[in-house]
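Count along the sequence shown from 1, add 384, and you get the number used in this note's numbering.
Where is the CB? At the ideal position from N, CA and C, for every residue including glycine.
This structure is a prediction, so every number in the text was calculated from the model and none was measured.
The block underneath contains the structure these notes are about, expressed in structure tokens.
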Amino acid sequence: KISACIFDLDGVVVDTAKYHYIAWKSLANELGFDFTEEDNERLKGVSRMRSLDILLEIGGVELDDKTKLELADKKNKNYVEYILKMTPDEILPGVKDFFNELKEQGIKIALGSASKNAMTILNQLELTDYFDAVVDGTHVSNAKPDPEVFLKGAELLGVSPSECIVFEDAEAGVEAAINGNMKCVGIGSPDVLGKANIVVPGFVGFSMAQLNF
Ligand code: B16
Ligand code: MG
């Protein structure tokens with residue numbers, strides 16, 4: 385029996401990766417090196433500080449912790465300027481129909497995101513009311529593939545992990561779902577998300593009827 389669906393945010397409900405990319409690239413350029421879209425792939429689903437470490441590694445730059453915090457903060461301020469301009473038409477296609485299907489079936493909806501900006505993004509998209517529970521980067525101490533973010537979601541909803549389906553676009557997120565004993569639907573390419581129970585390209589035409597969990 386499935387009682388709840390837990391959604392990753394970036395890459396599943398909305399494409400914020402493009403704004404993260406602009407903000408990280410401008411930081412890299414200020415530090416004197418380039419940062420490509422391919423490099424940006426490595427930051428998906430990864431925490432802010434870990435993302436900065438990867439970026440600095442790409443540029444071959446070493447900095448002390450205080451400077452790193454300042455740079456992460458600077459990148460975030462730039463990023464937030466972009467997300468504050470987001471509107472509900474940036475919700476990825478098919479997502480709202482699927483949320484409505486879940487509501488009709490009495491299946492609970494939770495968010496399980498690494499982002500500390502998740503609430504701002506949900507508000508911008510006018511999706512806050514759909515969620516029965518929100519767990520984001522401000523609530524967890526262990527990053528995906530640790531299952532903490534999803535287990536907290538299940539706990540808040542009062543359901544057991546085996547009754548939950550996680551929707552994820554990042555490999556570390558799929559692993560987190562498996563580590564938490566949850567089912568997982570990968571959103572994206574089977575090459576990257578092969579460990580998920582099923583992989584679909586997106587939510588257009590997607591329905592619970594396609595799952596035999
Ligand atoms: P922030 P998700 C993740 O969100 C993003 O995929 C990742 O690229 C980002 O670095 C991370 O959130 C932290 O975001 O800087 O806003 O706290 O995919 O777990 O929803
Ligand atoms: Mg994601």
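TODO: Starting from I491, follow its DSSP beta bridges and name the residues at the other end.
DONE: Mapped onto the sequence shown, residue 491 falls at position 107. Paired residue(s): none; I491 is not in a bridge.
TODO: Could you tell me if the beta carbon of G429 falls within a distance shorter than 7 Å of some heavy atom in ligand 2?
DONE: What you label residue 429 is simply residue 45 of the sequence shown in a count that begins at 1. For ligand 2, at least one heavy atom lies less than 7 Å from the Cβ of G429.
Task: Those runs of the beta strand (DSSP E) which lie wholly inside the stretch 484-557 and span at least 3 residues - done: 492-496, 517-519, 548-552
Task: Enclosing beta strand (DSSP E) for V576 [first to last residue] - done: Counting from 1 along the sequence shown, the entry for residue 576 is found at position 192. That residue, V576, is in no beta strand (DSSP E); its alpha helix (DSSP H) goes 574-577.
TODO: On a CA-only basis, which of A538, P529, S387, E510 is nearest V519? Give me that one, please.
DONE: The residue you call residue 519 lines up with position 135 of the sequence shown. Nearest C-alpha to V519: A538.
TODO: Tell me whether V588 is buried or exposed, calling it buried when 16 or more other Cβ atoms sit within 10 Å of its Cβ.
DONE: On the sequence shown, position 204 is the one that residue 588 refers to. Classification for V588: exposed.
Task: Exposed unless 16 or more other CB atoms sit within 10 angstroms - verdict on Q508 - done: For this step, residue 508 is matched to residue 124 along the sequence shown. Classification for Q508: buried.
Open item on the list: ligand 2 and A502: does any heavy atom of the ligand fall closer than 7 Å to the residue's C-beta?
Closed with: As a first step, residue 502 is located in the sequence shown; it is residue number 118 there, counting from the start. Because no heavy atom of ligand 2 lies under 7 Å away, the Cβ of A502 does not count as near it: no.
Task: Rounded Cβ spacing between L476 and V398 (contact assumed at less than 8 Å) - done: Within the sequence shown, residue 476 is the residue found at index 92, counting from 1. Within the sequence shown, residue 398 is the residue found at index 14, counting from 1. With a Cβ gap of about 6 Å, L476 and V398 count as contacting.
Task: Per DSSP, the bridge partner or partners of F391 - done: The sequence position of residue 391 within the sequence shown is 7, counting from 1. Partner(s): L495, F551.
TODO: May I ask you to verify whether the stretch 439-446 touches the stretch 492-508, counting CB pairs closer than 8 Å and requiring at least 3?
DONE: no
Open item on the list: Since S410 and N462 should fall inside the 8 Å C-beta cutoff, what is the C-beta to C-beta distance between them, to a whole number of angstroms?
Closed with: Reading the sequence shown from its first residue, position 26 is the one you call residue 410. Reading the sequence shown from its first residue, position 78 is the one you call residue 462. The Cβ separation is near 6 Å, so the contact holds.
Task: Buried versus exposed, by CB contacts within 10 Å (16 or more), M433 - done: Taking the first residue of the sequence shown as position 1, residue 433 is located at position 49. Exposed, by the Cβ-count rule.
- [ ] Would you decide whether D513 is buried or exposed? Buried here means 16 or more other CB atoms lie within 10 Å of its CB.
- [x] Here residue 513 refers to the residue found at position 129 when the sequence shown is read from its first residue. Label assigned to D513: exposed.
Task: Residue nearest to L393 in terms of C-alpha spacing, selected from Q489, L511, F417, E421 - done: By one-based count along the sequence shown, residue 393 stands at place 9. Ranking the options by Cα distance to L393, first place goes to L511.
- [ ] Indicate whether the contact test is met: 3 or more Cβ pairs, each with one atom in the stretch 413-431 and one in the stretch 579-593, closer than 8 Å.
- [x] no
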